[in-house]
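Some notes on the structure that comes next.
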Amino acid sequence: MADAMDIVIVASAFGMEAVRADGHLKWAQASKQAGAAGFEVRRELFAGEAEAEPQNLRALGRQIAELGLWSVYSTPASLYTVDGELDTDALRVSIEEAIALGARFLKLQLGGFAADAYAAVIADHLRCADLRLVVENGQLAQGGSLAQFVGLFEALAREGHAGVLGMTFDMGNWAWCEVAPLEAAGPLAAHVDYIHCKTAVGEGARRFPAAPAADDAQFAAVLDKLPRHVPRGIEFPFDTSRIDADAAHYVAWLGAA
């Protein structure tokens, strides 16, 4: 029997404009109906900055919890600046917002990590936060290279805080950086706490996220390399003509994959 793992639906799977127009709660309800265990709130899909105010995040978090879902808080902010410094302001604000939401995970972009991880400073910021900080491989060269992520986890260990943060392994985003996801899975699997599941179609700048085919052998091979116990997030777009059926189908399929 396959191990049980939580399936999360990322808000953007329902369509970015739909989330901005209708708000996250509607799509959290759809995620619950589809059988998901968690729901990823995307800060960039808020209709305005008022949605990021503490009282509004707390209200949304309560509503998501009342559905029986746990939440991920995703922000486009980067952990490191383009110069390789720790962006302490972005980290502090993101942690405060994630705590207000009641999120289990806080997901940031890696940004310009170079050599120093500033692990002790990160640990200090997280000292009273009951959440897991994860950084995601993005679609840009900066913040999306395999070497950066290998270097990050080596630096965290060297600085004495090996487990202070983990990784969101985005299976599809590696394509934008010309990295085979199977190549990345080997050296990074031990640090993966959350998986974004999607593939990429198209070439160059004209790439788009897509649902993996049921017989996609590479997708299955990458999943096999990654930890089975960590949550898997659906980040590819659902068919707008059959959103509810599509969501339920992929929650069940990914849970058994």
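Count the sequence shown with the working numbering and you get residues 42 to 298, in order.
Positions of the beta carbon are idealized from the N, C-alpha and C atoms, including for glycine.
The structure presented is a predicted model; accordingly, all values stated were derived computationally and were not measured.
If we count the other Cβ atoms within 10 Å of its Cβ and call it buried at 16 or more, is residue i buried or exposed?
i: Met42; result: Because Met42 sits at a pLDDT of 29, beneath the cut-off of 50, its placement in the model cannot be relied upon, and the point is left open.
i: Cys169; result: exposed
i: Glu58; result: exposed
i: Arg84; result: buried
i: Ser72; result: buried
i: Glu107; result: exposed
i: Pro272; result: buried
Can the beta-carbon of residue i be found closer than 8 Å to that of residue j?
i: Leu147; j: Leu174; result: yes
i: Gly274; j: Thr240; result: no
i: Lys266; j: Ala298; result: no
i: Glu177; j: Cys238; result: no
i: Ser119; j: Leu149; result: yes
i: Ala155; j: Gly125; result: yes
Could you tell me whether the Cβ of residue i comes closer than 8 Å to any Cβ of chain B?
i: Gln259; result: No chain B is present in this structure, which holds just one protein chain.
How far does the beta strand (DSSP E) with residue i in it extend, from its first residue to its last?
i: Ser135; result: Unbroken run through Ser135 is the alpha helix (DSSP H), 129-142; no beta strand (DSSP E).
i: His166; result: Segment 160-166 is the alpha helix (DSSP H) holding His166; no beta strand (DSSP E) there.
i: Arg145; result: Segment: none, Arg145 is in no beta strand (DSSP E) and carries neither H nor E.
In three-state DSSP terms, what is residue i?
i: Leu223; result: helix
i: Glu126; result: coil
i: Gly243; result: strand
i: Glu81; result: strand
i: Ala251; result: strand
i: Val271; result: coil
i: Lys172; result: Rather than Lys, the amino acid found at residue 172 in this sequence is Leu. If DSSP states are grouped into helix, strand and coil, Leu172 belongs with coil.
i: Asp234; result: strand
i: Asp211; result: strand
For residue i, report the span of its alpha helix (DSSP H) as first-last.
i: Val51; result: Taken as a continuous stretch (DSSP letters only), Val51 belongs to no alpha helix (DSSP H), being part of the beta strand (DSSP E) at 48-51.
i: Val292; result: 284-297
i: Asp265; result: 258-266
Exercise. For the stretch 177-209, which segments carrying the alpha helix (DSSP H) assignment without a break, of at least 4 residues, lie completely within its bounds, in sequence order?
Worked result: Every alpha helix (DSSP H) of 4 residues or more that sits fully in the stretch 177-209 is shown, in chain order, as 187-199.
For this session: Jot down the residue ranges of each uninterrupted alpha helix (DSSP H) in the stretch 94-124, minimum 4 residues, whole runs only, in chain order.
Result: For the stretch 94-124, whole alpha helix (DSSP H) runs of length 4 or above, ordered along the chain, are 95-107.
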